[in-house]
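Here's the structure we're looking at; comments come further down.
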Amino acid sequence: TLAVDTIRQLADLHPKPSNVRFQYGTAGFRTVASVLDSVLFRVGVLAGLRSKKLDGKTIGVMVTASHNPEQDNGVKLVDPRGEMLDASWETYATTLSNAQTTDEFVSELQKFVEVLKIDLSKPARVVYARDTRPSGEALVSSLEDGLKAIGAEGRNAGVTTTPVLHYLVRAINTKGTRESYGDDTEEAYFLKLATAFKKLVSTRETPSPLLIDCANGVGAPIATKLAEYLGDSLTLVLENASITTPGALNNSCGADYVKTAQKLPPSLADRLQAGQRGCSLDGDADRLMYFYLDERSQFHMLDGDKIAALVAAFIVELVKTAGLDGQIKVGIVQTAYANGASTKYLSERSPVKCVPTGVKHLHHAAEHYNIGIYFEANGHGTVLFSQPTQELLQSYEPTTPAQSTALEHLRNVNQLINQTVGDALSDMLLVEAVLAHKDYSGVEWDSLYIDLPNRQVKVVVADRNQFRTEDAERRLVSPVGLQEKINDLVRRYEGGRSFVRPSGTEDVVRVYAEASIRAQADELAYRVAGLVI
Ligand code: NG1
Ligand code: ZN
2 TLAVDTIRQL
12 ADLHPKPSNV
22 RFQYGTAGFR
32 TVASVLDSVL
42 FRVGVLAGLR
52 SKKLDGKTIG
62 VMVTASHNPE
72 QDNGVKLVDP
82 RGEMLDASWE
92 TYATTLSNAQ
102 TTDEFVSELQ
112 KFVEVLKIDL
122 SKPARVVYAR
132 DTRPSGEALV
142 SSLEDGLKAI
152 GAEGRNAGVT
162 TTPVLHYLVR
172 AINTKGTRES
182 YGDDTEEAYF
192 LKLATAFKKL
202 VSTRETPSPL
212 LIDCANGVGA
222 PIATKLAEYL
232 GDSLTLVLEN
242 ASITTPGALN
252 NSCGADYVKT
262 AQKLPPSLAD
272 RLQAGQRGCS
282 LDGDADRLMY
292 FYLDERSQFH
302 MLDGDKIAAL
312 VAAFIVELVK
322 TAGLDGQIKV
332 GIVQTAYANG
342 ASTKYLSERS
352 PVKCVPTGVK
362 HLHHAAEHYN
372 IGIYFEANGH
382 GTVLFSQPTQ
392 ELLQSYEPTT
402 PAQSTALEHL
412 RNVNQLINQT
422 VGDALSDMLL
432 VEAVLAHKDY
442 SGVEWDSLYI
452 DLPNRQVKVV
462 VADRNQFRTE
472 DAERRLVSPV
482 GLQEKINDLV
492 RRYEGGRSFV
502 RPSGTEDVVR
512 VYAEASIRAQ
522 ADELAYRVAG
532 LVI
């Protein structure tokens, strides 16, 4: 049975604020940090139950609010293979977080244990980490109270990136098995990435230094450590690495700023040389945006779609050169936010599937391919090699030197890419490796295809739940009649495309529009926004 007295005592220390409704959304719980104390406690308890339910497998908990402002925080759970929490448990998380009193909380817990048939005698193990947010330390101690309440064994992975935490979860749970993912330490993660990268670029010229905008977040200390492992193979120049300056996190910098403003962070204005490659991480280093300035100091952005195009072309070519194109099918997964030009480019090379926003949708769709490549336009993405494909890469016997080299590269890409979740640093090394192989600068990469001008706007509405979509969020079914009005507008714009959907992470509705001409894309976005209000 549950240790009800202990749970009560500890739960009383973390009362739920009244008048707040929590929701476990696409990125877990995420809101202003000051109201999250009870949520963290309860997530601790829930993580313990999840672990017990899965026979003591280790569950991950990440405390972060990613690209959100510094005063926000959040928490999400990671399942044993390093993937997002199973969707059916999201509802339990929401219910538990909204229990108004300790009594209500305890009775909800008892209900779960019964309904889900959780064997409480099983062990519970949880590994957790946080980003650099000042609110993180106190929230982690609330989480620890939750673990204590349910009797879970906790392992504190300290201040690290979301992808490192996902790596650790998978490494812990696959230790000593055929699917072993590596040692369960941060050092092993760095070594795995750096070793694969060095092998991939060993025959290439050393790339010129890469500037990294760390968003003044946890990417800074982690990239600093990674740089030591990379040695001379790649020089990283870290900018926006002030993790203790109040208010600096994600402020006019980072991957989300670059993607939405479509601008160079002002802090980099005299840091980035013309022609030099630069990239931005977000606040927990799971998103990556590249960019460069041309000779006229014009800013060019290379987003998640451009990364997908670069990586997909490389992998498809390697598979073919290795003589494996009959056996390995490569597929791409995107969302409605993918630039229309990227979808066109990619579908000429591989099957492309469109799924609703949110990593779990992309990840699951990508699992259906032998090699599944997914990237959100905002720079979150990865490449998944199915288990049989990984085994094939190990056992395959090449018949020519060219096949042998391509096979070796594929094996190294498989090691380099973080297959649990989008990982800005792992993705960055993959991009650098491909650029080195292709002898591409930002200019050649950028010219794979020309982005259609596009604009995203947020609209604050009375109730975003009124907005419901179908067809991978490309069409509204509610409010009734609105989609027809959007269609009428879109028809008037050359190359026009627009869609509206409720955000899963903010209390807003998002409008996306693209058109052949910049001014038209902007105008279409604002006019559709006008329909939504
Ligand atoms: P919402 O707020 O549901 O649009 C945003 C991003 C997603 C995803 C999640 C999780 C856009 C348009 N949306 O979701 O792609 O990254 O945050 O962080 O970028
Ligand atoms: Zn993030």
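With the sequence shown counted from 1, adding 1 to any position gets you full-length UniProt numbering.
From the three backbone atoms N, C-alpha and C, an ideal C-beta is built for every residue, glycine too.
Please read these numbers as outputs of a predicted model, since none were measured by experiment.
At a cut-off of 7 Å, the beta-carbon of residue 506 counts as near ligand 1: some heavy atom of the ligand is closer than that. Across the set 420, 309 and 331, the C-alpha of 331 shows the shortest separation from the C-alpha of residue 317.
Relative to ligand 1, the beta carbon of residue 338 is positioned inside 7 Å of a heavy atom.
Within the model, the alpha-carbon separation for residue 447 versus residue 334 is close to 20 Å.
Given a length threshold of 3 residues, each whole run of the beta strand (DSSP E) inside the stretch 133 to 213 is given here in chain order: 154 to 160.
Contact between the stretch 419 to 433 and the stretch 304 to 316 is established, with three or more Cβ pairs separated by less than 8 Å. Between residue 471 and the set 452, 458, 503 and 490, the nearest pair of CA atoms involves 503. Uninterrupted alpha helix (DSSP H) stretches at least 4 residues long and entirely within the stretch 279 to 324 occur at 305 to 322, given in chain order. In the displayed model, residue 432 falls within a helix according to three-state DSSP. If you compare the alpha carbons of 325, 349 and 286 with that of residue 408, the shortest gap goes to 325. Per the DSSP secondary-structure output, residue 527 pairs with nothing in a beta bridge.
In the pairwise beta carbon analysis, the stretch 214 to 225 is classified as touching the stretch 275 to 287: at least three pairs are separated by under 8 Å.
In this structure, residue 288 has its CB closer than 7 Å to one or more heavy atoms of ligand 2. In the three-state reduction of the DSSP assignment, residue 468 falls in the coil class, being assigned neither a helical nor a strand state. Taking every protein chain shown into account, the CB of residue 359 has 16 or more other CB atoms within 10 angstroms, so this residue is buried. Remark: the C-beta of residue 68 is in contact range of ligand 2, defined as less than 7 Å to any heavy atom. When the beta-carbon positions are compared, residue 410 and residue 201 come within less than 8 Å of each other. Distance from the C-beta of residue 401 to the nearest heavy atom of ligand 2 is not below 7 Å.
Your pair residue 242 and residue 215 checks out as a contact, with CB atoms roughly 5 Å apart and the cut at 8 Å. Comparing C-alpha distances from residue 465 to each of 72, 513 and 533 shows the shortest one belongs to 533.
Less than 8 Å separates the beta-carbon of residue 430 from that of residue 194.
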